[in-house]
Amino acid sequence: MSIVGYSIKERAESLEEDLRKWRRAIHSQPELSFQEYNTAAFVAKILREIGVEDIREGVGGTGVVATIAGQPGPTVALRADMDALPIQETNTHSYKSRREGVMHACGHDAHTAMLLGVAKLLVKDAEENQLRGTVKLLFQPAEEATDEHSLSGAPYMIKEGVVEDVFHAVALHVCPWQPFGTIQVNDGESMANVDVFEGKIIGTGSHGGYPHTGSDPIWMLSSVLQSLYSIVNRRVSPLETAVVSIGEVHSGSASNVIPSEVKIVGTIRTYRNETRDYLIGELEKAFKIAQALGGDYEFKVEKGEPALKNNPEVNQTIIGAAETVYPDVKVAKGPFGLGGEDFAYFAKEVQASMFFLGCAMPDGIQRDLHTPIFDIDERCLPMGTAILTQTAHHLLT
Numbered sequence: 001m002s003i004v005g006y007s008i009k010e011r012a013e014s015l016e017e018d019l020r021k022w023r024r025a026i027h028s029q030p031e032l033s034f035q036e037y038n039t040a041a042f043v044a045k046i047l048r049e050i051g052v053e054d055i056r057e058g059v060g061g062t063g064v065v066a067t068i069a070g071q072p073g074p075t076v077a078l079r080a081d082m083d084a085l086p087i088q089e090t091n092t093h094s095y096k097s098r099r100e101g102v103m104h105a106c107g108h109d110a111h112t113a114m115l116l117g118v119a120k121l122l123v124k125d126a127e128e129n130q131l132r133g134t135v136k137l138l139f140q141p142a143e144e145a146t147d148e149h150s151l152s153g154a155p156y157m158i159k160e161g162v163v164e165d166v167f168h169a170v171a172l173h174v175c176p177w178q179p180f181g182t183i184q185v186n187d188g189e190s191m192a193n194v195d196v197f198e199g200k201i202i203g204t205g206s207h208g209g210y211p212h213t214g215s216d217p218i219w220m221l222s223s224v225l226q227s228l229y230s231i232v233n234r235r236v237s238p239l240e241t242a243v244v245s246i247g248e249v250h251s252g253s254a255s256n257v258i259p260s261e262v263k264i265v266g267t268i269r270t271y272r273n274e275t276r277d278y279l280i281g282e283l284e285k286a287f288k289i290a291q292a293l294g295g296d297y298e299f300k301v302e303k304g305e306p307a308l309k310n311n312p313e314v315n316q317t318i319i320g321a322a323e324t325v326y327p328d329v330k331v332a333k334g335p336f337g338l339g340g341e342d343f344a345y346f347a348k349e350v351q352a353s354m355f356f357l358g359c360a361m362p363d364g365i366q367r368d369l370h371t372p373i374f375d376i377d378e379r380c381l382p383m384g385t386a387i388l389t390q391t392a393h394h395l396l397t
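So that you can map any letter, position 129 of the sequence shown is 129 in UniProt numbering, and since no number is skipped, the others follow by simple counting.
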């Protein structure tokens with residue numbers, strides 16, 4: 001293990017109090033996607049206190065970009081997301097969310113705090129001529145949601161040129177299914193294409209006592225659902241990664257009125273684009289069954305973020321960096337699941353990878369992402385800071 005590795009580990013651990021303080025301050029004042037004004041101002045304030053001189057605010061909306069330049073060399077980017085979720089927190093710790101119905105239930109508060117820690121370490125490295133190249137720290141808004149243009153925060157930052165001079169990009173995500181001291185990596189597709197479909201089954205409706213006088217879209221729904229739920233099980237290879245789930249069904253307003261339409265909204269999750277396109281086509285065929293039953297249909301799909309495709313070489317750099325600063329680190333391998341992650345947009349522009357950082361609480365209670373009880377073992381904060389910092393150094397050498 002290198003002396004640099006020891007130094008980064010010890011220096012990151014010396015920041016633990018700051019990391020906890022920053023994370024808890026952000027956690028207590030969460031902001032939803034595209035609304036991270038106070039969070040971004042907090043980030044910029046800390047960056048200035050740390051000594052970062054090149055800070056751009058308002059990038060891609062509320063994004064912040066901190067650039068730390070050392071000796072001549074390439075440029076790499078490290079990214080953290082800043083937004084929270086529309087979830088009511090049920091934890092009782094002193095720093096729980098003070099905003100009704102909004103919570104950092106996906107660890108973005110931790111991601112942001114760790115990237116601030118990286119900034120503090122890299123500023124010192126640059127001052128001591130120990131940084132070869134340039135590191136861009138991307139504090140990104142709106143990872144969790146899209147706007148009226150179906151875009152999240154990453155595409156807006158990319159449009160403003162934040163990765164035009166970047167060779168590699170890295171991000172981490174806290175992981176409640178892995179214990180502290182473990183990282184999880186995966187080559188290739190690691191998180192899903194995320195698409196939202198909306199379909200309508202259209203009939204004429206009628207009086208509930210005279211159903212024969214009209215066409216009943218709820219009756220048609222039973223056949224549509226049977227076909228829809230059989231797509232993955234019977235028309236997609238079991239070796240493919242694919243999910244179709246319905247989250248909303250809306251129809252009717254009274255017990256004695258057969259409605260004129262049924263609205264269905266759901267999600268499509270895939271790894272491969274070929275499977276993505278196939279499922280969209282098969283879903284429309286399922287809705288088209290309504291025509292054979294005397295009705296009609298409407299169908300549309302809003303394509304969201306692409307599948308996250310991790311670069312194998314960057315993954316090896318992450319593993320090497322983690323083992324440099326933590327020789328006993330456990331490395332788990334396997335895809336991260338069918339959640340969405342808009343870091344995928346960065347990974348389409350440059351060689352990039354995201355790794356998952358174990359954060360499970362030691363009490364054995366499963367605190368899953370996007371739940372009201374989500375929480376982390378804060379010992380992971382200096383660990384993530386150290387691994388990200390060491391990874392940047394390795395990518396620049």
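Glycine included, C-beta positions come from ideal geometry on N, C-alpha and C.
Taking the alpha carbon of residue i as the reference point, which residue from the options has its own alpha carbon closest?
{"i": "residue 349", "options": "309, 302, 337 and 339", "result": "309"}
{"i": "residue 164", "options": "277, 76 and 50", "result": "76"}
{"i": "residue 147", "options": "61, 238, 188 and 239", "result": "61"}
{"i": "residue 233", "options": "186, 151, 279 and 247", "result": "279"}
{"i": "residue 202", "options": "15, 7 and 252", "result": "252"}
{"i": "residue 223", "options": "7, 182 and 291", "result": "291"}
{"i": "residue 22", "options": "9, 40, 10 and 8", "result": "40"}
{"i": "residue 55", "options": "182, 162 and 106", "result": "162"}
{"i": "residue 9", "options": "395, 386 and 123", "result": "386"}
{"i": "residue 401", "options": "46, 275 and 151", "result": "Limits of the chain in this structure are 1 at one end and 397 at the other, which puts residue 401 out of reach."}
{"i": "residue 275", "options": "231, 185, 149 and 210", "result": "231"}
{"i": "residue 382", "options": "111, 254, 186 and 213", "result": "111"}
{"i": "residue 303", "options": "312, 130 and 152", "result": "152"}
With DSSP as the reference, label residue i as helix, strand or coil.
{"i": "residue 397", "result": "coil"}
{"i": "residue 199", "result": "strand"}
{"i": "residue 63", "result": "strand"}
{"i": "residue 21", "result": "helix"}
{"i": "residue 308", "result": "strand"}
{"i": "residue 154", "result": "helix"}
{"i": "residue 3", "result": "With a pLDDT of 46 at residue 3, under the threshold of 50, the modelled position of that residue is not reliable, and no figure is offered here."}
{"i": "residue 207", "result": "strand"}
{"i": "residue 181", "result": "coil"}
{"i": "residue 58", "result": "strand"}
{"i": "residue 80", "result": "strand"}
{"i": "residue 223", "result": "helix"}
{"i": "residue 366", "result": "coil"}
{"i": "residue 193", "result": "strand"}
{"i": "residue 69", "result": "strand"}
{"i": "residue 37", "result": "helix"}
{"i": "residue 49", "result": "helix"}
{"i": "residue 296", "result": "strand"}
{"i": "residue 387", "result": "helix"}
{"i": "residue 382", "result": "helix"}
Within this structure, are the beta carbons of residue i and residue j separated by less than 9 Å?
{"i": "residue 170", "j": "residue 353", "result": "yes"}
{"i": "residue 244", "j": "residue 283", "result": "yes"}
{"i": "residue 12", "j": "residue 117", "result": "yes"}
{"i": "residue 314", "j": "residue 322", "result": "no"}
{"i": "residue 340", "j": "residue 178", "result": "no"}
{"i": "residue 121", "j": "residue 324", "result": "no"}
{"i": "residue 417", "j": "residue 145", "result": "Because the chain here runs from 1 to 397, residue 417 falls outside it and cannot be looked at."}
{"i": "residue 31", "j": "residue 82", "result": "yes"}
{"i": "residue 267", "j": "residue 196", "result": "yes"}
{"i": "residue 154", "j": "residue 307", "result": "no"}
{"i": "residue 36", "j": "residue 142", "result": "yes"}
{"i": "residue 109", "j": "residue 24", "result": "yes"}
{"i": "residue 119", "j": "residue 50", "result": "yes"}
{"i": "residue 362", "j": "residue 180", "result": "yes"}
{"i": "residue 297", "j": "residue 199", "result": "yes"}
Per DSSP, which residues does residue i bridge with? Please list them.
{"i": "residue 75", "result": "134"}
{"i": "residue 175", "result": "358"}
{"i": "residue 352", "result": "169"}
{"i": "residue 233", "result": "Answer by DSSP bridge pairing: none, since residue 233 is not bridged."}
{"i": "residue 242", "result": "270"}
{"i": "residue 85", "result": "103"}
{"i": "residue 332", "result": "184"}
{"i": "residue 109", "result": "Looking at the DSSP assignment, residue 109 forms no beta bridge with any residue, so it has no partner."}
{"i": "residue 163", "result": "Its beta-bridge partners do not exist; DSSP assigns none."}
{"i": "residue 342", "result": "According to DSSP, residue 342 bridges with nothing at all."}
{"i": "residue 265", "result": "198 and 248"}
{"i": "residue 16", "result": "Answer by DSSP bridge pairing: none, since residue 16 is not bridged."}
{"i": "residue 258", "result": "206"}
{"i": "residue 140", "result": "81"}
{"i": "residue 302", "result": "196"}
(Q) For the pair the stretch 256-264 and the stretch 214-227, tell me if three or more CB-CB distances fall below 8 Å. (A) The stretch 256-264 makes contact with the stretch 214-227; the number of CB pairs closer than 8 Å reaches 3 or more.
Q. On the three-pair Cβ rule with 8 Å, is the stretch 64-79 touching the stretch 131-145?
A. yes
**Q.** At least 3 beta-carbon pairs within less than 8 Å: the stretch 94-105 vs the stretch 181-197
**A.** no
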